[in-house]
Amino acid sequence: MVSVDELCCDPDTLWSKYESEGRISKKCDLMRKYENTVEVRLDTPLRSDAIRIVCISDIHDTIGSWYKRIPNGDVLLCAGDLTQNGSKERELPHKHKIIIAGNHDLGFQDNFNLKEEEKDPSCRGKEGTAEGYKLLTNCIYLQDKAVTALFFASHLLKKSYANYASFQIFGLKIYGSSWHPLPGFPFSLRRGQELLNKWNLIPTDTDILITHTPPLGHNDVYNVTNGRWGCSELLNTVEKRVHPKFHVFGHVHEKNGMTTNGETFFVNASICNHKLEPVNDPIIFDIPKAN
37 MVSVDELCCD PDTLWSKYES EGRISKKCDL MRKYENTVEV RLDTPLRSDA IRIVCISDIH
97 DTIGSWYKRI PNGDVLLCAG DLTQNGSKER ELPHKHKIII AGNHDLGFQD NFNLKEEEKD
157 PSCRGKEGTA EGYKLLTNCI YLQDKAVTAL FFASHLLKKS YANYASFQIF GLKIYGSSWH
217 PLPGFPFSLR RGQELLNKWN LIPTDTDILI THTPPLGHND VYNVTNGRWG CSELLNTVEK
277 RVHPKFHVFG HVHEKNGMTT NGETFFVNAS ICNHKLEPVN DPIIFDIPKA N
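Below you can see the structure in the form of structure tokens.
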């Protein structure tokens, strides 16, 4: 059972406490195998015996300038902020993709009704695209929902086990949620019980968790202020209850990379830096297919 830590609103102090208690966040080295998983270079050919996962986040309307850097893969995961203010003129080139919204995807949160003075200055006077998620095509949009992905001949089949059980090569349960603790934006909730209530919805059999916000302690330091932005209730949900194989996120632009606690792989897939320049590459990794 996960409970709210009394230091949840002081992420820096809380992570220091967690480190003193033995909680770890270890950087993963490129091309090194970890528990039958390997992060690979962008030009690595697809393997017939593995599932290629391609991770991106925090694109902020820059897709047109760098989409050719997105490598082929079996499934593309996007952890939010496809747009800067909810514009609808952008498309992703991948045929199959699983997407969540981020705090800059205005219009994606139904009933986002903050007063103008309560909004972050970057989104004041902007409406975004109402129900913008309905305009997404050829993808799966997740918001507090899970989907089971079936892989056959390197394609994502959006079908049920009942119809395609005999063709299943590899199955992953993927859950997505956009909530975060940054005030003044869509999908914002207070640290502590409000966010924990959302994380309590994550199924315990989740294989890949996608959130916009990072968990506390894993590539969550915002370089401009040198402070941690991660959510402690999310970290404790991952480490104490759900134990997913992978946790993919973004939000903190300067900390693109993969870490591990020895059980879960944490992937900050942010593409843009804090100046909204697309300086980072997608993160890709291979998972051996089940027999």
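Residue 203 in my numbering is what sits at position 167 of the sequence shown, and the numbering runs on without skipping anything. Ideal placement from N, C-alpha and C gives every residue a C-beta, glycine not left out. From a predicted model like this one, the values you see are computed outputs, not experimental measurements.
Which of helix, strand or coil does DSSP assign to D331?
Because the chain here runs from 37 to 327, residue 331 falls outside it and cannot be looked at.
H283 beta carbon less than 8 Å from that of S306
no
Count the other CB atoms, across all protein chains shown, that sit within 10 Å of the CB of T249; report buried if there are 16 or more and exposed otherwise.
buried
Based on the DSSP secondary-structure assignment, which residues constitute the bridge partners of H216?
S224
Using only the alpha-carbon positions, how far apart do T242 and K209 sit?
5 Å
Touch test, the stretch 214-222 against the stretch 253-262, Cβ-Cβ under 8 Å, three pairs minimum
no
Own chain residues within Cβ distance below 7 Å of T240, not counting five before or after
R277 and V278
Determine the direct distance from the alpha carbon of D94 to that of P314, and round the result to whole angstroms.
9 Å
Can you check DSSP and say which residues form a bridge with H283?
L245 and F302
C-alpha gap between N304 and K63, whole angstroms:
11 Å
Identify which residue in I92, H310 and S39 has its Cα closest to the Cα of N259.
H310
Using a Cβ-Cβ cutoff of less than 8 Å, which residues in the same chain neighbour W265 once the five nearest sequence positions on both sides are dropped?
P47, P217, L218, T249, P250, D256, V257, Y258, H287 and V288
V38 CB to nearest chain D CB: under 8 Å?
This model lacks chain D altogether; it includes just one protein chain.
Could you give the DSSP three-state label for L232: helix, strand or coil?
helix
Rounding to the nearest angstrom, what Cα-Cα distance links F285 and K325 in this structure?
23 Å
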